[in-house]
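Residue numbers (the numbering used here): -6 to 669.
Set out below in structure tokens:
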């Protein structure tokens, strides 16, 4: 019975797969089977990036899996670099092989890209209507410009966040499609010798790296040049193919380099050039020796079929994975799954993304882009444009109706896990020998490597702050408590006051001209994900810098979530921020938000921190939303402080002291499960 079932599968299913996923290409090379497999590897690497970012938050922290999974996710980013190299090779090769009219060439490129992209684009629009809380489309009247910029693949070129996450690379692809014909024409490359063309490419590569080092920019675009190098050297047979073992050693060295980064433009150039050389050698070897180790691997039939549908997979797999992650949230709380779940879920979710993307490939990409009949070809563009037009028209009223409810903080799903209403000040007393006395709020940074009264525990010198954070037991550099108290409670309001350093304390306060207060829950409370908020009234005046923020309980930095920062001379501007990455390569995502004068009334400042997105709110109205960075999945504790100087500048004569940061309450919530 088992053998008959296998025969039935071979007789019915395999021919169907061959008929639908084998492609007979008509470009300058025909069917290059190793290239099909290379596309499959590239898109699998991209899958790993998004799988790690969406599934890792479910896994228990403090396991060996976390650093390993993050490394796998980081390595997966080079999948896009491989796509760029293959595009550089194919497009340049097709143009060099035949002199094509520009309009015929570019229309073919558009027909290859846009039917599938438009289908996914429309799907994203309708999902934005159905689930407005997850929509990336702006709600401030800029919907149509945003949609048009995304439809014409402009976000990466105009520093705009794309609606379809992976579409940033399509912006670079289209830029390459439009520019390479003119480069060939202007340099008259078809009439030049191979060595002349290689010299020109080497010059272009050097100039690109130099410009990046000076002005910054999309350095990864040099991978298109790698593809052009590959075409020239492979077709001219300028050097023999390296052995498969040499390629393997080169891959190992590149992986080591990618996993041990350094800082600065020089490191970034070295990183991209290592990928440049490694992929060049790997692809050259595969093309030159199709019967060799790499050639046979990249011509494995399932891998080639994945490569043939790689464009559909590339566009849709992230959306499928996000849907799976939202479904998992119904059953698994973040941080509760064992590391084994990570490995068990990987093949299942990969197969699920392949099945979903296959539907897109069979319904849109194959009939409209790869094998369009004359009838379909004539209908494709008008029908898709009409579909897009109708979707855009229907979207606007739906979005207008939904945006109010979508961008308010939903308090019905919140369960309180921490609260201080400040009926008094619950001080976590700790002496200079770190003997604790109970309470909630610690009044220094609590670094284990410094004594409580040391300067390092009482200010942030790297911020060029002018104040020292003190409390009633603070001794500074002396031996006697200075009785400096920046905290007071009245009518349920905690006041944190910044003042000039009293004369009697100046010899012991490390020459800081101001003293102020800081409160943290480092020793008493931390939480991963949820809503963290404060209701407060800000001080006004240049040099004043109140803040409410979150730091990891394990002492690492970054990451950091800044729920609120106000500069006293601009009390009507709320600054929110995420800081992630490594210290040497810190990435900051900031947003400035215009608000009513924060020094006149109390307002609520909140952050809704989830495994996928982080949203900031002012008086329950959303003001910013960003994807959760990969390293922002650890429990964090609370900090509130009033700094002087630093980013806020030096206080001037108009700034009055004492300056007071008034806090009504601080609260933290977890979200209920959707199924509850």
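Each residue gets a CB set at the ideal place from its N, CA and C atoms; glycine is no exception. Please read all numbers here as calculations on a predicted model, not as lab measurements.
Query, Result
"Going by C-alpha distance, which of 203, 96, 177 and 205 is nearest residue 193?", "177"
"With distances taken from CA atoms, which of 66, 354 and 170 is nearest residue 113?", "354"
"Classify residue 480 as helix, strand or coil using the three-state DSSP reduction.", "strand"
"Where do the ends of the alpha helix (DSSP H) carrying residue 228 lie?", "215 to 229"
"On the DSSP bridge list, what partners appear for residue 243?", "Paired residues: none, contrary to the question."
"Under 8 Å: do the stretch 215 to 222 and the stretch 270 to 279 share three or more Cβ pairs, one atom per stretch?", "yes"
"Confirm, please, whether the CB-CB distance from residue 585 to residue 567 is below 9 Å.", "yes"
"How close, in whole Å, do the beta carbons of residue 632 and residue 465 come, if the pair is a contact with beta carbons under 8 Å?", "Not really, about 20 Å apart at Cβ, beyond 8 Å."
"Assuming residue 628 and residue 520 make a contact with CB atoms under 8 Å, what is their CB distance in whole Å?", "6 Å"
"Suppose the cutoff is 7 Å on Cβ atoms and the five residues either side in sequence are ignored; what does the same chain contact list for residue 470 look like?", "501 and 503"
"Could you check if residue 186 is buried or exposed, using at least 16 other CB atoms within 10 Å of its CB as the buried criterion?", "exposed"
"If we require 4 or more residues per run, which alpha helix (DSSP H) segments fall completely within the stretch 580 to 663?", "none"
"Alpha helix (DSSP H) containing residue 310: first to last residue?", "303 to 321"
"How many Å lie between residue 72 and residue 34 at the Cα?", "7 Å"
"Have a look at the DSSP bridge pairing and note the partners of residue 555.", "542 and 570"
"Is it the case that the Cβ atoms of residue 659 and residue 541 are separated by a distance below 9 Å?", "yes"
"Look at the Cβ atom of residue 655, then the Cβ atom of residue 486, and state whether they are nearer than 9 Å.", "yes"
"Can you tell me the Cα-Cα spacing of residue 564 and residue 614, whole angstroms?", "18 Å"
"According to DSSP, what are the bridge partners of residue 462?", "509"
"Could you check how far apart the C-beta atoms of residue 532 and residue 653 are, in whole angstroms? I think they sit under 8 Å.", "6 Å"
"I need the boundaries of the beta strand (DSSP E) containing residue 529, first residue and last residue.", "523 to 530"
"Across which residues does DSSP place residue 492 in a beta bridge pair?", "508"
"Tell me whether the beta-carbon of residue 343 lies closer than 9 Å to the beta-carbon of residue 44.", "yes"
"What residue does the beta strand (DSSP E) around residue 335 start on, and which one ends it?", "Per DSSP, residue 335 belongs to no beta strand (DSSP E); it is in the alpha helix (DSSP H), 332 to 353."
"Quick test of your reading: residue 332 and residue 136, contact by CB under 8 Å. State the CB separation rounded to the nearest angstrom.", "So it is not a contact: roughly 42 Å between Cβ atoms."
"Would residue 440 and residue 456 be called neighbours here (beta carbons separated by less than 9 Å)?", "no"
"Going by DSSP, what residue range makes up the alpha helix (DSSP H) through residue 413?", "Not the alpha helix (DSSP H): residue 413 falls in the beta strand (DSSP E), residues 407 to 413."
"Which stretch, first to last residue, makes up the alpha helix (DSSP H) that contains residue 501?", "Premise fails: residue 501 is in no alpha helix (DSSP H) and is neither H nor E."
"Along the chain, where does the alpha helix (DSSP H) containing residue 92 start, and where does it finish?", "Neither: residue 92 is in no alpha helix (DSSP H) and is coded neither H nor E."
"Measuring CA to CA, which of 181, 107 and 138 is closest to residue 88?", "181"
"So residue 50 and residue 454 are in contact, right, with Cβ under 8 Å, and what is the actual spacing, rounded?", "About 34 Å; that fails the 8 Å criterion."
"To the nearest whole angstrom, what separates the beta carbons of residue 285 and residue 229, a pair I think is in contact under 8 Å?", "20 Å between Cβ atoms; not a contact."
"Helix, strand or coil, according to DSSP, for residue 130 in the structure here?", "coil"
"Determine whether the beta carbon atoms of residue 644 and residue 536 lie at a separation below 9 Å.", "yes"
"Pairing CB atoms from the stretch 95 to 108 with CB atoms from the stretch 74 to 81, are three or more of them under 8 Å?", "no"
"Going by DSSP, what residues sit across from residue 520 in a beta bridge?", "629"
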